[in-house]
Amino acid sequence: MDMVNVKINGIAVSVPKGSTILEAARYAGVEIPTLCFLKEINEIGACRICVVEASEGGRPARLVTACVYPVSEGMEVTANSKKVQDCRRTTLELILSTHEKKCLSCVRSTNCELQKMCRDYGVEDSGQYDGFRPHYELDTSAPHLVRDNNKCILCRRCVAACKQQFVSVIGANDRGIDTHIACAFEKPLDETPCVSCGQCITHCPTGALQERDDTAKVWDALNDPEKIVIVQTAPAVRAALGEEFGLPIGTNVEGKMAAALRRLGFDQVFDTDCAADFTIVEEANELVERIKTGGTLPMITSCSPGWVKFCELYYPDQLDHLSSCKSPQNMMGGLIKTYYAEKNGIDPEKIVSVSVMPCTAKKFEVAREELTENGLPDVDISITTRELARMIDRAGIKFTALADEKFDELLGESTGAAVIFGATGGVMEAALRTANDWLTGQSNETVEFQEVRGTKGLKEATYTIAGQEIKVAVASGIANANYVMSRIQDGTAPWTFVEIMCCPGGCVTGGGQPIQPASVLNTMDLKAMRAKALYDQDAAMPLRKSHENPTVKAVYADYLGEFGGHKAHEILHTHYVARKKFC
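Heads up: the sequence shown is residues 252 to 834, going by my numbering.
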């Protein structure tokens, strides 16, 4: 590898040829601030916050943007001179001149990259650059998101994230002082083929984008003595919730989370992992049935509502490839309002079913007409990991001081196969564990399918089970989903079974998870760090196959009947609809 010798703040470093100044600075232990830059996603040098003084070839030092400017042999860079700091300060003042500064009530207060940078550089609202300030109405049309362009700094990180997700439903409209981020022709977001993934939210450095806050609905339910409020939490939530309370990335806080939910006042605290085990036995049964009877293959998982919405919008002619299984969220909701309600003599209409999800698309999913039981929605309210953290804070619960507690038993027991649902490849591996046993007719010691693990956006593997070759694919991120679907559509797909998750890396980096700043996103593998918490829990669990879950066995024996049977289909399965793309 060709190397280049440079100096950063007087520190000599040797870096690979082609490195940017920003990358070279990290070799020297110097962190250059950025606002618009996201590695491999948004490298456009738009915000000018990363300016440094650089001299090369004997020429005088000049201001350049570190995020896109390449180093050269002998270059000398000063990253914190007075000129540099004054330039950054002026840029921040200009940004603030059109920024709505309602920081005290902003959902991103204390976790806003602009706010932190202004604090670091001593920038206040001096009024020096006051002038015309555009005003924008909020876009509240979508079920999962609120867009407030009054807080937008035009960094375009959201645009880049949406483009990475293939859908590209937002972009920069108009020019000059009128430039703003919006949909084509100023359409509201709900009139575009947005898949509700929320990646724009987690990539935004300010409060310009946030999930639709449904916590008021939950508080109202908790304070209604006539309601029985039951909560479930998805596997990926436990791997990230701790970040909201200062714990290291990848800390599993399952026990503290269960304890906090009880202190908030929920009547029952169930684990969505239990429903994930139900998902697997139904999905594996469906897969085995399709293999044996010549059904539509490849079969594709249906746990990710953003992915399902994408398929309904962009590949409506391929919906028969989707498993008819509901997502674990809605399987749990369905069981709560049928099995749990009957077992406890409760009128389902008195139950308020709440889910805590890493996913903003779940807010879209709970409103689907196809996901109901006896005219009632499976899940009434879905909140994100971030919303739960805000509820815990508001209640004055000292999260890190809580002793671990367990989920309630009736629908709280789960296996290691369920917990890995939160990582890309986890649903595939869980299904393979059960399908392997069922196709071979024996309990196999092999439970880890390493080939489908890891954070790559597309993984393929071939397994021989009961003398039959099973080809599988795992895709995460909509761009990879589109590649897989194009192969299925044109008839060149070799796979039997396909897992697709909407968000890159799976649910662990869903649109509802804790927001990390660019300094973390650019230097750490957030997907792998959170996923490790789930795989570690799986490895430590006594049961690691969904069909061995005692709760699953008991509910089928006592209530549902056989796998894939009539009652199971009524409660645990659904159908899909072709959706209009509007454009």
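Heads up, the beta-carbon is just placed ideally off N, CA and C, and yes, glycines get one too. No experiment lies behind these values; they were computed from the predicted model shown.
9 Å Cβ cutoff met for residue i and residue j
i: Thr523; j: Thr484; result: yes
i: Ala527; j: Ser727; result: no
i: Ala686; j: Cys525; result: no
i: Leu823; j: Leu586; result: yes
i: Cys369; j: Ser555; result: no
i: Ala829; j: Glu563; result: yes
i: Glu442; j: Cys455; result: no
i: Glu274; j: Ser306; result: no
i: Thr675; j: Lys649; result: no
i: Cys318; j: Gly458; result: no
i: Phe517; j: Val482; result: yes
i: Cys406; j: Cys298; result: yes
i: Phe615; j: Ser447; result: yes
Residue i - containing alpha helix (DSSP H), residue span
i: Met583; result: 579 to 586
i: Arg704; result: No alpha helix (DSSP H) contains Arg704, which DSSP labels as neither H nor E.
i: Lys783; result: 777 to 791
i: Lys796; result: Taken as a continuous stretch (DSSP letters only), Lys796 belongs to no alpha helix (DSSP H), as it is neither H nor E.
i: Val771; result: 769 to 772
i: Ile295; result: Looking at the DSSP string, Ile295 is not in any alpha helix (DSSP H), and its letter there is neither H nor E.
i: Ile272; result: 272 to 278
i: Leu823; result: 817 to 823
i: Lys614; result: 612 to 616
Nearest-angstrom Cβ-Cβ length linking residue i and residue j, presumed shorter than 8 Å
i: Leu639; j: Val607; result: 5 Å
i: Gly449; j: Thr611; result: 3 Å
i: Glu656; j: Gly506; result: 6 Å
i: Asp390; j: Leu440; result: 6 Å
i: Arg541; j: Thr666; result: Actually they do not touch by this definition, with Cβ atoms about 24 Å apart.
Distance, residue j Cα to residue i Cα
i: Glu412; j: Ala717; result: A quick correction: the sequence has Ala, not Glu, at residue 412. In a straight line, the C-alpha of Ala412 is about 42 Å away from that of Ala717.
i: Thr430; j: Pro567; result: 35 Å
i: Val504; j: Gly427; result: 47 Å
i: Cys338; j: Leu345; result: 11 Å
i: Cys287; j: Val302; result: 12 Å
i: Asn695; j: Phe672; result: 20 Å
i: Met679; j: Ala712; result: 11 Å
i: Val723; j: Asp688; result: 17 Å
i: Leu473; j: Arg641; result: 15 Å
i: Asp253; j: Ser270; result: 11 Å
i: Met508; j: Arg489; result: 7 Å
i: Thr743; j: Leu343; result: 52 Å
i: Tyr387; j: Asn401; result: 6 Å
i: Arg514; j: Leu777; result: 29 Å
i: Leu314; j: Ser323; result: 15 Å
i: Ser575; j: Lys478; result: 31 Å
i: Ser578; j: Leu538; result: 16 Å
i: Gly708; j: Pro755; result: 7 Å
i: Ile259; j: Gln580; result: 51 Å
i: Pro549; j: Ala618; result: 28 Å
i: Cys354; j: Val374; result: 14 Å
i: Val735; j: Leu785; result: 26 Å
i: Pro609; j: Ala652; result: 23 Å
i: Gln416; j: Gly763; result: 16 Å
i: Leu661; j: Lys588; result: 13 Å
i: Pro801; j: Glu813; result: 15 Å
i: Val397; j: Val420; result: 15 Å
i: Lys560; j: His826; result: 12 Å
i: Ala276; j: Thr329; result: 10 Å
i: Glu291; j: Tyr320; result: 15 Å
i: Gly584; j: Glu600; result: 13 Å
i: Phe658; j: Thr285; result: 42 Å
i: Gln336; j: Tyr372; result: 8 Å
i: Lys438; j: Tyr565; result: 19 Å
i: Glu213; j: Met582; result: No answer is possible for residue 213: it lies beyond the span of the chain, which begins at 252 and ends at 834.
i: Ile272; j: Gly308; result: 16 Å
i: Lys804; j: Thr552; result: 22 Å
i: Gly677; j: Lys352; result: 42 Å
Terminal residues of the beta strand (DSSP E) in which residue i lies
i: Tyr714; result: 709 to 716
i: Ala263; result: 262 to 267
i: Val607; result: 602 to 608
i: Lys560; result: Unbroken run through Lys560 is the alpha helix (DSSP H), 556 to 565; no beta strand (DSSP E).
i: Ile632; result: 632 to 635
i: Lys258; result: 254 to 259
Exercise. Taking only runs of the alpha helix (DSSP H) that begin and end inside the segment 400 to 485, which ones reach a length of at least 4 residues, in chain order?
Worked result: 408 to 415, 450 to 454, 466 to 473, all fully within the segment 400 to 485.
Exercise. Enumerated in chain order, which unbroken segments of the beta strand (DSSP E) with a length of 3 residues or greater are wholly contained in the segment 298 to 339?
Worked result: 302 to 306, 313 to 316, 327 to 329, all fully within the segment 298 to 339.
Problem set entry | Residue ranges of each alpha helix (DSSP H) within the segment 478 to 546, 4 or longer | Listed in chain order, the alpha helix (DSSP H) runs fully inside the segment 478 to 546 are 486 to 489, 505 to 515, 523 to 544, counting runs of at least 4 residues.
Exercise. Enumerated in chain order, which unbroken segments of the alpha helix (DSSP H) with a length of 4 residues or greater are wholly contained in the segment 646 to 694?
Worked result: Listed in chain order, the complete alpha helix (DSSP H) runs (minimum 4 residues) inside the segment 646 to 694 are 667 to 670, 677 to 691.
Exercise. If you scan the segment 710 to 765 from start to end, which runs of the beta strand (DSSP E) of 3 or more residues do you find wholly inside it?
Worked result: If we require 3 residues or more, the beta strand (DSSP E) runs fully inside the segment 710 to 765 come out as 719 to 727, 748 to 752.
For this session: Starting from the N-terminal side, write out each stretch of the alpha helix (DSSP H) that is 4 residues or longer and does not extend beyond the segment 353 to 400.
Result: Counting only runs of 4 or more, we get 364 to 371.
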